[in-house]
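Trainee: In the numbering used here, each number is its position in the sequence shown, counted from 1, plus 2. Here's a structure for you.
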Amino acid sequence: MAPKMTILVAAVSCLLALSCVHAARPRRFEGSDLLTTGLQAESNWTQQVAATGTVNLDLAPEDRWKDVCGSLRNESHYLVGYLQDSLHISAKEAALIEKLGEVLINSYGPDVKGEIKGCADALGVDFGLLMVLNLGYEVRRLGGGIHNTTGPCDDCMHGKQQGGNMCTSIVARQPDGTIVHGRNLDWNIPAQLRNFVMTIEFVQNGKQVFTGGTIVGYMGILTGLKPGQFSVSIDERGLGGDVLGNIIEALTNSKSLQPSHLLRKTLLEANNYEEAVQMLSTAPLIAPVYYIIAGLGPNEGALLSRDRQKSIQPLFLDNSTWYLLQTNYDHWEQPPVFDDRRKYGLRYINEVTSANVNLDQVNGVLSKWPVRNDDTSQTILMDPLNSKWTFYIDLFTGNKDAQVEYN
Numbered sequence: 003m004a005p006k007m008t009i010l011v012a013a014v015s016c017l018l019a020l021s022c023v024h025a026a027r028p029r030r031f032e033g034s035d036l037l038t039t040g041l042q043a044e045s046n047w048t049q050q051v052a053a054t055g056t057v058n059l060d061l062a063p064e065d066r067w068k069d070v071c072g073s074l075r076n077e078s079h080y081l082v083g084y085l086q087d088s089l090h091i092s093a094k095e096a097a098l099i100e101k102l103g104e105v106l107i108n109s110y111g112p113d114v115k116g117e118i119k120g121c122a123d124a125l126g127v128d129f130g131l132l133m134v135l136n137l138g139y140e141v142r143r144l145g146g147g148i149h150n151t152t153g154p155c156d157d158c159m160h161g162k163q164q165g166g167n168m169c170t171s172i173v174a175r176q177p178d179g180t181i182v183h184g185r186n187l188d189w190n191i192p193a194q195l196r197n198f199v200m201t202i203e204f205v206q207n208g209k210q211v212f213t214g215g216t217i218v219g220y221m222g223i224l225t226g227l228k229p230g231q232f233s234v235s236i237d238e239r240g241l242g243g244d245v246l247g248n249i250i251e252a253l254t255n256s257k258s259l260q261p262s263h264l265l266r267k268t269l270l271e272a273n274n275y276e277e278a279v280q281m282l283s284t285a286p287l288i289a290p291v292y293y294i295i296a297g298l299g300p301n302e303g304a305l306l307s308r309d310r311q312k313s314i315q316p317l318f319l320d321n322s323t324w325y326l327l328q329t330n331y332d333h334w335e336q337p338p339v340f341d342d343r344r345k346y347g348l349r350y351i352n353e354v355t356s357a358n359v360n361l362d363q364v365n366g367v368l369s370k371w372p373v374r375n376d377d378t379s380q381t382i383l384m385d386p387l388n389s390k391w392t393f394y395i396d397l398f399t400g401n402k403d404a405q406v407e408y409n
């Protein structure tokens, strides 16, 4: 076997092994009455507005993130600890993953390798380790856990039922016909990394092109707003796809993009809601995903359930549908009883009613248990027409015994 192929086989084996490791703490379902559990109390939480950084797309890729990443150099050990603890990787394994990343990088777009390298240098961390962060969706290891938010699960208790990242996204039409958009990201990010969770304003030719929410070091975009045009959030679908299938797709189809990088490309290139829906519906992907999109007009809201090649049973706002709500399960299937956040989300948004919905009410829905749960780390609220963007870091201030510490 050729040396390069040997390295790739070893790296793939390493990633497959990592995808089976479960390091996140289990969810806490307490008792039979969900709505009386202590965790659902909104008083157990505080919301802190995330800091803002700027990335200038006119600069060389290696230089774009220098200021943002360099500002966190003294805290980089928290990120290193998080990655090592989540993945249980050795230096040798990180080197193998870096080799695989060299091949997979085409699925991230032409500039991303340089951006990762520049950020790693500015943070003072190993390039291979930062590559692992950027492979997080494909290998579904970062922030994943056991999904038993709404009921007991025997397999969960034995570590058999594992999951990736949980999310909830909502688009809703306000009484004046404009669209608002909110999302929770349940990434189980420890409190020490709160400074890494940032709003990034991407500028080009001296103008702001789009805004994105990310964890510094991750070059993709999971939530973004093109001012005055549209907003998009990503929810994980099918646990991010099977790991081997994702890797094969990336290696064999040079046109396939990583879902968060297709979103970043769309925010940069699409001029309006219609173009965004078209790009996100048809571009080939290396992993399945949900895209939730909001535009400007009364019916400009979409839910795209993507496989690697196409959108399946898309949903759109219309005269009889004033909101769309998506968690991490296909809308045509029943969620599992141990993670039925959809049922409660639908109950809460229907209680708001179409006559009263606004961004504050959407935030209220996203703030109720189990839509917000003990792994929720971020809430983002968007109004595309008025270019409004609010990025909250959700801090659980109740039972601190469950918080993971990194020194």
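The beta carbon of each residue, even a glycine, is placed where N, CA and C say it ideally should be.
How many Å lie between T39 and W371 at the Cα?
Mentor: Position 37 of the sequence shown, counting from 1, holds the residue named residue 39. Position 369 of the sequence shown, counting from 1, holds the residue named residue 371. With a pLDDT of 45 at T39, under the threshold of 50, the predicted position of this residue should be treated as unreliable, and no value is reported.
Trainee: Check the C-beta distance from G377 over to D188 and give it rounded, since I have them as a contact under 8 Å.
Mentor: Position 375 of the sequence shown holds residue 377. Position 186 of the sequence shown holds residue 188. Here the sequence assigns Asp to residue 377, which means Gly is not the residue at that position. Sure, about 4 Å apart at Cβ, within 8 Å.
Trainee: Nearest CA to the CA of T284: which residue from E302, R308, G126 and N301?
Mentor: In the sequence shown, counting from the first residue as 1, residue 284 sits at position 282. The option with the nearest alpha carbon to T284 is R308.
Trainee: Enumerate in chain order the residues of its own chain whose CB-to-CB distance from N360 is below 8 Å, with the five nearest sequence positions on each side excluded.
Mentor: Here residue 360 corresponds to residue number 358 of the sequence shown, with the count starting at 1. Cβ within range, chain order: Q176 and V182.
Trainee: Are there three or more Cβ pairs, one per stretch, closer than 8 Å when the segment 382-391 is compared with the segment 223-235?
Mentor: yes
Trainee: Residues bridged to Q210 by DSSP?
Mentor: If you number the sequence shown from 1, residue 210 lands on position 208. DSSP output for Q210 lists V205 as bridge partner(s).
Trainee: Since M281 is in the alpha helix (DSSP H), which residue starts that stretch and which ends it?
Mentor: On the sequence shown, residue 281 is found 279 positions in, with the first residue counted as 1. That run of the alpha helix (DSSP H) goes Y275 to T284.
Trainee: So, using beta-carbon positions, are V364 and G184 closer together than 8 Å?
Mentor: Locating residue 364 in the sequence shown gives position 362, where the first residue counts as 1. Locating residue 184 in the sequence shown gives position 182, where the first residue counts as 1. Result yes, Cβ atoms of V364 and G184 sit closer than 8 Å.
Trainee: Just to confirm, are N197 and E77 a CB contact at a threshold of 8 Å?
Mentor: For this step, residue 197 is matched to residue 195 along the sequence shown. For this step, residue 77 is matched to residue 75 along the sequence shown. Yes, they are a contact pair.
Trainee: Evaluate contact between the segment 203-216 and the segment 312-330, counting only Cβ atoms and requiring at least three cross-stretch pairs below 8 Å.
Mentor: no
Trainee: Tell me whether A26 sits in a helix, a strand or coil according to DSSP, three-state version.
Mentor: On the sequence shown, position 24 is the one that residue 26 refers to. Note that A26 scores 41 on pLDDT, short of 50, meaning its location in the model is unreliable; the coordinates nonetheless yield the value given after this. Here A26 sits in coil by DSSP.
Trainee: Which same chain residues, not among the five before or five after D65, have their C-beta less than 7 Å away from its C-beta?
Mentor: Position 63 of the sequence shown holds residue 65. So the list reads G120, once near-sequence residues are dropped.
Trainee: Report yes if the CB atom of Y394 is closer than 8 Å to the CB atom of V70, and no otherwise.
Mentor: Taking the first residue of the sequence shown as position 1, residue 394 is located at position 392. Taking the first residue of the sequence shown as position 1, residue 70 is located at position 68. No, the Cβ-Cβ distance between Y394 and V70 is not below 8 Å.
Trainee: Can you tell me which of the three DSSP states I191 falls into?
Mentor: As a working note, residue 191 is residue 189 in the sequence shown. For I191, the three-state secondary structure derived from DSSP is coil.
Trainee: By Cβ distance, which residues of its chain are closer than 8 Å to K162, with the 5 residues on each side in sequence left out?
Mentor: Within the sequence shown, numbered from 1, the residue matching residue 162 stands at position 160. Here the model assigns K162 a pLDDT of 42, short of 50, so the residue's position is not dependable and the matter cannot be decided.
Trainee: Give me, in chain order, the residues of the same chain whose beta-carbon lies closer than 6 Å to that of N274; leave out the 5 immediate sequence neighbours on both sides.
Mentor: Taking the first residue of the sequence shown as position 1, residue 274 is located at position 272. Result list for N274: Q231, in chain order.
Trainee: Please list the terminal residues of the continuous beta strand (DSSP E) segment that includes I382.
Mentor: Reading the sequence shown from its first residue, position 380 is the one you call residue 382. Note, I382: beta strand (DSSP E), Q380 to D385.
Trainee: Rounded to the nearest angstrom, what separates L368 and S45 at their Cα positions?
Mentor: For the purposes of this step, residue 368 is taken as residue 366 along the sequence shown, with counting starting at 1. For the purposes of this step, residue 45 is taken as residue 43 along the sequence shown, with counting starting at 1. Each residue's Cα considered, the two are about 14 Å apart.
Trainee: For A124, which beta-bridge partners are listed by DSSP?
Mentor: Indexing the sequence shown from 1 puts residue 124 at position 122. In DSSP, A124 forms no bridge with anything.
Trainee: When you compare only the Cα positions, how much space is there between N330 and N352?
Mentor: Taking the sequence shown and counting its residues from 1, one reaches residue 330 at position 328. Taking the sequence shown and counting its residues from 1, one reaches residue 352 at position 350. Each residue's Cα considered, the two are about 20 Å apart.
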